[in-house]
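Protein chains in written order, with this note's numbering: chain Z, 1 to 541; chain G, 1001 to 1254.
Just so you know, even glycine gets a beta-carbon here, dropped at the ideal spot from N, CA and C.
Computed from a predicted model, the values in this text were never measured in an experiment.
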């Protein structure tokens, strides 16, 4: 068990970072609560409206989480065949609902506890804690009971629909991007404003009454509080019944088989007359065939891309840095002004993503099929070429267009923007090659749990850290040499943040970059040769 | 006299202090089915990995189809390997996976497509070829693994538990396929715990225990070793030669 927990190192790191963030936020919540409590104690009930909005938003958020839990892997049964033949579906569904509710309890309880302890301190009485505890219970019970069956019903719908099953990866990506857009680009308040009328009306408004009914001076309605409690008590059995029905609908579905043949006639022949099982992958192979000279390269590249499309969660780590880009993109949309660093950010992300997506763990992501790869005629060159092609073909053009567009948008002349676009093509391809070298040198075979039953095999920590560092240095050095605006920006940043009293002049920065760029250029063929040799010599020991 | 298809001389693999395979020497003529038996953890899989150049020997040497196992680049087109767990990508369809393997073997797409269709039909998988492997049963995955191991027409095939998880009809197809290999002078190293299959197909049986080859002979001779009447079977012989107090450093000649 301990070994299994240790193997989830990526998640443990995320949990540690998240915990630090939460620990930093809790005192803030306490302080806000204390201010509100002081206001209530002085006879000013004004903060009650804000408390009401916060509580209603928490309910909406919990409801959305419950839907996601139902439609996602938390709505699935481990060892389904065994479990559903031992216990009736109602027991399993009820158990899952309870498990999920308990699982989310801490997420609600901790921030609410911090806030209501603050209110209690401000008021000078422990009574607000009773209301706080009651509203946490009401939110958790009602939102989970109503949201979870909705998620399960959606799951059943997707399983029954070939069209929705096929679109699942795209729909999932849209939902994730929308979530992060709202949460990290400052749109949460816009959404809250849009739904405010619903938040301020019963029954959601009653949750505020329940939260503050025991807080002296808050002016909460006892009737509203009773209404919230009563509705929660009604929602639980109704939601549980709905959960059982929705779970049966989802679990008993004759899943649409994930066939990739969509244009076959009755004889099983494709429209083109070629016995070819999958039109999408075939088109993909045709495109990749333009740049792949060897069959082995084509096989590796097309397989990597098809697997990524059908199981996009394998690449969840590639998307993480985009969170940092959301505020920038949002700012561009809002102000119409492109920051001067945007083209270089686009280039850095494109090159980094190209490396992390496939080549940075080119052996580890083979999983159990590694013997097939190693006992095939395809040699190290084809394996490396295939992974670099899989990363560069989709990402290099996109990165080049984005970098060039950002350069033009930020006021650079057209020739300069074109140079930046061209550089992006080279840097992305070079980044993928460097990643292959590091990935072959530091492979990782242990997977981590991405969602319930699914795992991903991220790059090793050594490969990840070294590659990220090299890419940051490479793009910064290239940018300093090629772009005056970027040079000034980097100089300003270093002047501000260099530790231990260190400083660097603009000339010094150029000199450092002039040394770094040739070294990094040399690193590309070295990494290539290293990767090829490692794959050719790799043995399963 | 032709060179043996598989020749191992003192093949040894140690993991630190632990000896997985010890001084293993064997010689398998071309076109022969060599049944490779042994208890769990005896060293069968390690031996197969050594002979397919997936693992580097600590000591000793071996050639497969005339190529040293130290030269994997030359060996790959001559060997096919089916590990005990079929090596497949769940996200692909059966046909896609086989096309991927065919491409790894540098088979032209047009040639590969015909061969894939033939093999899928032979293993009764044609109707399911365009479904994702994640929806397959264990037996179906095994069939895809076997087809992938032989798609490039290798001279020597290493099969680790090829019939486990197969329904009777598929197991029959597998046995016929292995028998057909021998008819085409393809050499097979067959590891299986299904002893009747080994008894039916193998020309020679080698028994490995604790990393050592403790018995090697024809199935009939091995069976006679434990019983002199007609009641003897390979299971009894296997249990006899792998008794804990019967492990010797030298192969037993019946």
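query                                                                                                                                   : result
Collapsed DSSP secondary structure at residue 1027 (chain G) in the structure displayed                                                 : strand
Neighbourhood of residue 1197 (chain G) by C-beta distance below 7 Å, restricted to the same chain and skipping five residues each side : 1163, 1175
Closest residue to residue 244 (chain Z) among Z:88, Z:135, Z:313 (Cα-Cα distance)                                                      : Z:88
Span of the alpha helix (DSSP H) around residue 464 (chain Z)                                                                           : 461 to 482
Whether residue 459 (chain Z) touches residue 448 (chain Z) by CB criterion (8 Å)                                                       : no
Reduced DSSP category for residue 379 (chain Z) - H, G, I as helix; E, B as strand; rest coil                                           : coil
Segments of 3+ residues assigned as beta strand (DSSP E) that fall wholly inside the stretch 391 to 442 of chain Z                      : none
Span separating the alpha-carbon of residue 29 (chain Z) from that of residue 124 (chain Z)                                             : 17 Å
Any chain Z beta carbon closer than 8 Å to residue 1105 (chain G)                                                                       : yes
Three-pair Cβ contact test at 8 Å for the stretch 1107 to 1126 of chain G versus the stretch 326 to 333 of chain Z                      : no
Euclidean distance between Cα positions of residue 316 (chain Z) and residue 182 (chain Z)                                              : 18 Å
Interface residues of chain G facing residue 536 (chain Z) [CB-CB closer than 9 Å]                                                      : 1072, 1073
Alpha carbon of residue 529 (chain Z) to alpha carbon of residue 1072 (chain G), nearest angstrom                                       : 18 Å
Cβ pair residue 1021 (chain G), residue 1006 (chain G) closer than 8 Å                                                                  : no
Test item: CB-CB of residue 391 (chain Z) and residue 368 (chain Z) under 8 Å                                                           : no
Residue 167 (chain Z) versus residue 1074 (chain G): straight-line alpha-carbon distance, rounded                                       : 43 Å
Nearest residue (CA-CA) to residue 246 (chain Z), options Z:345, Z:226, Z:333, Z:146                                                    : Z:146
Three-way DSSP call (helix, strand, coil) for residue 13 (chain Z) in this model                                                        : helix
Near-chain C residues of the stretch 1076 to 1105 of chain G (beta-carbon distance less than 7 Å), N- to C-terminal order               : Although the question refers to chain C, the structure presented lacks it and instead comprises the protein chains Z and G.
Counterpart residues of residue 1013 (chain G) in DSSP-defined beta bridges                                                             : G:1021
CA-to-CA distance, residue 1141 (chain G) to residue 357 (chain Z), given in whole angstroms                                            : 27 Å
Exposure label - residue 1061 (chain G); buried when at least 16 CB within 10 Å                                                         : exposed
Cα-Cα separation, residue 413 (chain Z) to residue 406 (chain Z)                                                                        : 11 Å
8 Å Cβ cutoff, residue 369 (chain Z) in contact with chain G                                                                            : yes
Chain-ordered chain G contacts of residue 559 (chain Z) [CB-CB under 9 Å]                                                               : Outside the shown range of chain Z, which is 1 to 541, sits residue 559 (chain Z), and nothing can be said about it.
Delimiting residues of the beta strand (DSSP E) encompassing residue 311 (chain Z)                                                      : Element bounds for residue 311 (chain Z): n/a, residue is neither H nor E.
Interface partners of residue 1243 (chain G) on chain Z, CB under 8 Å                                                                   : What residue 1243 (chain G) touches in chain Z: nothing, since even the nearest Cβ is about 31 Å away.
Residue 1034 (chain G) versus residue 472 (chain Z): straight-line alpha-carbon distance, rounded                                       : 56 Å
Opening and closing residue of the beta strand (DSSP E) in which residue 1062 (chain G) lies                                            : 1059 to 1064
Inside the stretch 1180 to 1250 of chain G only - alpha helix (DSSP H) runs reaching at least 4 residues                                : 1195 to 1201, 1219 to 1226, 1234 to 1241
Beta carbon of residue 322 (chain Z) nearer than 8 Å to that of residue 302 (chain Z)                                                   : no
CB contact check: residue 1049 (chain G) to chain Z, cutoff 8 Å                                                                         : yes
Residue 1131 (chain G) - DSSP class collapsed to helix/strand/coil                                                                      : strand
Coil, strand or helix - residue 1254 (chain G) by DSSP                                                                                  : Bear in mind that a pLDDT of 42 at residue 1254 (chain G), under 50, signals an unreliable position, so the model cannot answer this.
Residue(s) in a DSSP beta bridge with residue 1006 (chain G)                                                                            : G:1028, G:1064
CB contact check: residue 1224 (chain G) to chain Z, cutoff 8 Å                                                                         : no
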